[in-house]
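Q:
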Amino acid sequence: MPDLLVPLYSLPAPPPLPDGLVVRPALPPEHHVVTAFVGKHFSPGWVSECTVALAARPARLLVAIEAGELAGFACHDVTARGFFGPTGVDPARQGRGIGRHLLLRALDALKADGFAYAVIGAAGPVEFYVKTCGAIEIPNSTPGIYRGLLR
């Protein structure tokens, strides 16, 4: 999967949130909730990245909350400076714009931190990122920063 480059100076506004959904930075007492969610729905490597994101002050992890439950998350500036991800939405809640909102809010946070560009490392849904935030594929970027990753 290639890395993508996102020009932060031309981001669209995040879409409206579905009714009843809140997006905000995660709080330290939520560490166990976030990492359990990520471990259940995604991967151990993502749990590690989320742990680092939650240790930052302020946290570099946004949560989407619906009806008192974690609906999704997005990390930024964690694996490397200016990187977006990992990110994920509860499979039962996908297709409602939650991931798009988390992506654009996290990219806005990188822009507010002074970055002109963001990198989406080992991007999965490339077309989603191209359409949503104008991402551009970085040639010869596979496996990128994840080369030689311990598993």
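Once you know that position 140 of the sequence shown is 140 in full-length UniProt numbering, the rest is easy, because the numbers rise by one and skip nothing. Glycine is no exception: its CB is placed at the ideal position from the N, C-alpha and C atoms.
1) Going by DSSP, name the residue or residues bridged to Ala-56.
2) Does the Cβ of Tyr-9 have 16 or more other Cβ atoms within 10 Å, making it buried, or fewer, making it exposed?
3) Would you kindly report the start and end of the unbroken beta strand (DSSP E) that includes Ile-65?
4) Does the region 56 to 68 come close enough to the region 116 to 128 that 3 or more CB-CB pairs lie under 8 Å?
5) Nearest by alpha-carbon distance to Leu-17: which of Arg-93, Ala-123, Ala-55 is it?
6) Are the region 15 to 29 and the region 142 to 150 touching by the rule of at least three beta carbon pairs closer than 8 Å?
7) I'd like the span of the alpha helix (DSSP H) that includes Tyr-9, first residue to last.
8) Taking buried to mean at least 16 other C-beta atoms within 10 Å of its own C-beta, is Arg-60 buried or exposed?
A: Let me spell this out:
1) Looking at the DSSP assignment, Ala-56 forms no beta bridge with any residue, so it has no partner.
2) Counting other Cβ atoms within 10 Å of its Cβ, Tyr-9 stays below 16 and is therefore classed as exposed.
3) Per DSSP, Ile-65 belongs to the beta strand (DSSP E) from 61 to 66.
4) The region 116 to 128 and the region 56 to 68 do not touch, with fewer than 3 CB-CB distances between them shorter than 8 Å.
5) Selected option, being the one with the closest Cα: Arg-93.
6) Output reads no: the region 142 to 150 does not touch the region 15 to 29.
7) Counting along the chain, Tyr-9 falls outside any alpha helix (DSSP H), and DSSP gives it neither H nor E.
8) With 16 or more other Cβ atoms within 10 Å, it is buried.
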